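> Quick one: the structure is below, and I'll ask about it shortly.
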Amino acid sequence: MSYLKPALHHPKLPVNALGLTRRDYEGSISTLCAGCGHDSISAAIIQAMWELGIAPHRVAKLSGIGCSSKTPDYFLGASHGFNSVHGRMPSVLTGANLANRELVYLGVSGDGDSANIGIGQFMHLMRRGVNMTYIVENNGVYGLTKGQFSATSDRGSKAKRGAVNADQPIDLVALAIELGATYVARSFSGDKEQLVPLIKGALAHGGAAFIDCISPCVAFNNHEGSTKSYDYVREHNEAVNRLDVFFDRSEITTSYAPGEIVEVTQHDGSVLRLRKRHEDHDPTDRVAAMTYLARHRAMGEIVTGLLYLNAGAEDLHQRLGTVATPLNRLDDAALCPGAAALEKINAALR
Ligand SMILES: Cc1ncc(C[n+]2csc(CCOP(=O)(O)OP(=O)(O)O)c2C)c(N)n1
Ligand code: SF4
Ligand SMILES: [Mg+2]
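Convert by adding 1423 to the 1-based position in the sequence shown; the result is the number in my numbering.
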């Protein structure tokens, strides 16, 4: 089998604002199982990046270990990439972001990677407000190691060989809101129409953006009795809103009746327009979002859409007051300001 893609482009492929085609945002050929939800998420990431006209070399994609964490190899082949250790991607992403805030940070992880071994790292990343888009490709199992239950498997969910999960699940969306993430959404790999705008909104957000994307594992968790299968999610999916993202305010025309739309302007001027489907959900009210999630979870619904948003969020750099210039562009004098400066700092701490 060849993993090399032909580099030829059809001359009439549409181009984005940078003159790049969608193919310029692809990576190598996927080695995942045919039908794996993770491949659909890779396609949605490619679409979102291409539509936004983000130059691939400006993106840093980071992951842990798992089928999901392999996927950054299958998109944005011209970007920076770091495949870290199982569950340790958040600290690598935080360090990279602190060293150079000019890149666009994309963390890709699995439910095992983030909710099991990496749960501590996940929690601190969210509470620190690191400016990034963090996607968990959530299939409720350890796909790569052949289908053990993960911490997001629902209680009562059945494994392929019949074992029933007795443990309470962790809802990463509820956790991310609780811990201080400022853009929190859930989606489904089989719903590109919902997922692509959610990724675009997350990329435009100036703080910790988290997307929990249900992504069925066709090899180990797509049978009857699973709550992460294609059939189950399609039957229980409750979309609270539909998102459109606009980068030029002048383009906005309101064609919906008042009351059905919420428009939120983010730091960078992008406008998120939410077409509300559930009138009782206000995504800008943090406590209400948490209550809403808990209420609908008790009803057996998988609530999707943009669930919480704080458009005016500040990120880690603003909180720490760090230097704007990437560290690799600072000269020796800036990096080592000398004994007098050190003495001043020490004196302030005495
Ligand atoms: C420190 C360490 N422990 C365990 C493993 C074995 N391991 C590899 S991937 C994985 C689970 C991956 O599950 P998930 O993050 O849900 O990704 P998926 O394969 O389901 O996409 C485990 C336990 C490992 N690679 N490293
Ligand atoms: S084992 Fe599951 S998660 Fe891994 S590639 Fe196959 S379908 Fe996807
Ligand atoms: Mg998994």
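Beta carbons: idealized from backbone N, C-alpha and C, even for Gly. Predicted model only: the values in this text are computed from it and were never measured.
(1) Would you mind working out which of P1620, H1704, P1706 sits nearest F1421, comparing C-alpha positions?
(2) Given this structure, state the Cα-to-Cα distance separating A1734 from K1493, to the nearest angstrom.
(3) With a Cβ-Cβ cutoff of 8 Å, do G1530 and M1512 count as a contact?
(4) Could you work out which residue in Q1741, V1641, E1661, S1693 is closest to E1724 when comparing CA atoms only?
(5) Assign I1477 to buried or exposed, taking buried as 16 or more other Cβ atoms, counted over all protein chains shown, within 10 Å of its Cβ.
(6) For H1740, which residues from the same chain have a beta carbon less than 6 Å from its beta carbon, with the 5 sequence-adjacent residues on both sides left out?
(7) From this set, N1769, K1583, I1452, which residue's C-alpha is nearest E1387's C-alpha?
(8) What are the start and end residues of each continuous alpha helix (DSSP H) run of 4 or more residues lying completely inside the segment 1718 to 1759, in chain order?
(9) By DSSP, does T1714 sit in helix, in strand, or in coil?
(10) Under 7 Å: does the beta carbon of G1533 sit that close to some heavy atom of ligand 3?
(11) Just to confirm the assignment: which complete alpha helix (DSSP H) runs, minimum length 4, are found wholly within the segment 1486 to 1545?
(12) Use the C-beta contact count for D1577: other C-beta atoms within 10 angstroms, 16 or more gives buried, fewer gives exposed.
(13) Please classify D1705: does DSSP put it in a helix, a strand, or coil?
(14) May I ask whether a heavy atom of ligand 2 can be found less than 7 Å away from the beta carbon of N1562?
(15) With 16 as the cutoff for other CB atoms within 10 Å, does K1623 come out buried or exposed?
(16) I'd like to confirm something about G1489: is its beta-carbon nearer than 7 Å to some heavy atom of ligand 3, or not?
(17) Ignoring anything shorter than 4 residues or poking outside the segment 1624 to 1676, list the alpha helix (DSSP H) runs there in chain order.
(18) Specify, as a first and last residue, the run of the beta strand (DSSP E) that K1699 falls within.
(19) Determine the burial state of N1432: buried for a count of at least 16 other Cβ atoms within 10 Å of its Cβ, exposed for fewer.
(20) Can S1573 be considered in contact with ligand 1, in the sense that its beta carbon sits closer than 7 Å to one or more heavy atoms?
(21) Beta carbon of L1516, beta carbon of M1555: below 8 Å?
(22) Have a look at A1597 and I1768 and give me their C-alpha separation to the nearest angstrom.
Reading from the atomic positions:
(1) No information on residue 1421 is available, as it lies outside the stretch 1424 to 1773 that the chain covers here.
(2) 31 Å
(3) yes
(4) E1661
(5) buried
(6) Excluding residues within five positions, the ones whose Cβ falls inside 6 Å are R1524.
(7) In this structure the chain extends from 1424 to 1773, so residue 1387 is not present and cannot be described.
(8) 1739 to 1743, 1755 to 1758
(9) If DSSP states are grouped into helix, strand and coil, T1714 belongs with the helices.
(10) yes
(11) 1490 to 1493, 1512 to 1522
(12) buried
(13) coil
(14) Correct: N1562 has its Cβ closer than 7 Å to ligand 2.
(15) buried
(16) yes
(17) 1653 to 1659
(18) 1694 to 1699
(19) The sequence shown places His at residue 1432, rather than the Asn named in the question. It counts as exposed.
(20) yes
(21) yes
(22) 40 Å
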